[in-house]
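My numbering numbers the first residue of the sequence shown as 1 and each following residue consecutively. Note sheet for the following structure.
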Amino acid sequence: MKFKDIIWGLIFCLITLLVAIPLTRTYFDGLTSSYPYLMGFIKTSILATMGELLINRIKRGSYFSGTGILYKFIVWGFLGMLFVLIFKMFSSGVYAAQAANLLPSIQNDTFIARLLTAFMISLLMNLVFAPSFMILHRITDGYIELGEGKWSGIRNVKLNQIIDRIDWNYFFSFVILKTIPFFWLPMHTITFLIPENYRVLMAAYLSIALGMILTLSNTSKKSKKNGD
1 MKFKDIIWGL IFCLITLLVA IPLTRTYFDG LTSSYPYLMG FIKTSILATM
51 GELLINRIKR GSYFSGTGIL YKFIVWGFLG MLFVLIFKMF SSGVYAAQAA
101 NLLPSIQNDT FIARLLTAFM ISLLMNLVFA PSFMILHRIT DGYIELGEGK
151 WSGIRNVKLN QIIDRIDWNY FFSFVILKTI PFFWLPMHTI TFLIPENYRV
201 LMAAYLSIAL GMILTLSNTS KKSKKNGD
């Protein structure tokens, strides 16, 4: 373990402690309620970018070996703002649909009732929103990577260049058909069981977790192939 690994871990723990300690959690809750979009930007941009840095460390041995980390930070921030809106839309929509008997519900305040509602929110969000979001994120990453992380290069990248470089077979066969039902669906069900102020934060943590899982899995597969 290197000094930079310790720094990364300390920053990650510090962010987590801000939510865990009652005094700072009170400020966190107040800011999230008063400035939802701003806090969505801050929470997601910081945590998701830390995830990007960690993936760089695992894949290439250096945290800052990737391309255009500043642009990815900004993109993640705006995606965090989008999460704030989308989470509210789908949770409110499911509650309204259940009240109108358009979706199944349990008419009492039990854990099973809350679990069913959280599952319905997660299911609809992952069916309707997740695929288009994942495509959007691949496109933004494509602009940054093909532009070599520089604005002068990014603005000259054509959309068809990005579309051509995406592995659509992998995207649909693995990202859509495996990560959504086996990771995002259950994890977002848990997300919608926790208080609203922490849902976007939870999503950012989940992006780090999935990124690590996929990166370690790919690294392990490459090592086995090289060993063979």
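Beta carbons are placed, not taken as given, at the ideal position from N, Cα and C, and that holds for glycine.
request  = Since I believe Ser91 is in contact with Ile274 (beta carbons under 8 Å), could you give me their beta-carbon distance rounded to a whole number of angstroms?
outcome  = No answer is possible for residue 274: it lies beyond the span of the chain, which begins at 1 and ends at 228.
inquiry  = For Ile144, count the other beta carbons within 10 Å of its own beta carbon; 16 or more makes it buried, fewer makes it exposed. Which is it?
reply    = If you number the sequence shown from 1, residue 144 lands on position 144. Note on Ile144: 16 or more other CB atoms within 10 angstroms of its CB, so buried under the neighbour-count rule.
request  = Excluding the 5 residues preceding and the 5 following Leu18 in the sequence, name in chain order all residues of the same chain whose CB lies nearer than 8 Å to its CB.
outcome  = Here residue 18 refers to the residue found at position 18 when the sequence shown is read from its first residue. Cβ neighbours of Leu18 beyond the five flanking positions: Thr24, Arg25, Phe28.
query = In chain order, what residues of the same chain lie with their CB nearer than 7 Å to the CB of Leu124, ignoring the 5 residues before and after it?
reply = Working through the sequence shown from its first residue, we reach residue 124 at position 124. Phe90, Val94.
ask   = What residues in its chain sit with their C-beta under 8 Å from that of Ile208, if we drop five residues either side in the sequence?
value = Working through the sequence shown from its first residue, we reach residue 208 at position 208. Counting only residues of its own chain and dropping the five nearest sequence neighbours on each side, Ile208 has a CB closer than 8 Å to the CB of Leu47, Ala48, Met50, Gly51, Leu54.
request  = Would you kindly work out how many angstroms separate the C-alpha atoms of Asn160 and Leu146, rounded to a whole number?
outcome  = Start at 1 with the first residue of the sequence shown, and residue 160 comes out as number 160. Start at 1 with the first residue of the sequence shown, and residue 146 comes out as number 146. In a straight line, the C-alpha of Asn160 is about 12 Å away from that of Leu146.
inquiry  = For a test of the three-state rule: what should DSSP assign to Tyr95, helix, strand or coil?
reply    = Taking the sequence shown and counting its residues from 1, one reaches residue 95 at position 95. In the structure shown, Tyr95 adopts helical secondary structure according to DSSP, grouped into three states.
Reference Thr189; option with closest CA among Leu115, Phe78, Thr215 = The residue given as residue 189 occupies position 189 in the sequence shown. Selected option, being the one with the closest Cα: Leu115.
Unbroken alpha helix (DSSP H) run spanning Thr179, endpoints = Along the sequence shown, read from residue 1 onward, the residue named residue 179 stands at position 179. Unbroken run through Thr179: none, as it is neither H nor E.
As assigned by DSSP and simplified to three states, the class of Gln107 = Here residue 107 refers to the residue found at position 107 of the sequence shown. For Gln107, the three-state secondary structure derived from DSSP is coil.
key: Ile180 vs Ala130 beta-carbon contact at 7 Å   = Within the sequence shown, numbered from 1, the residue matching residue 180 stands at position 180. Within the sequence shown, numbered from 1, the residue matching residue 130 stands at position 130. Yes, these two residues count as a Cβ contact at 7 Å.
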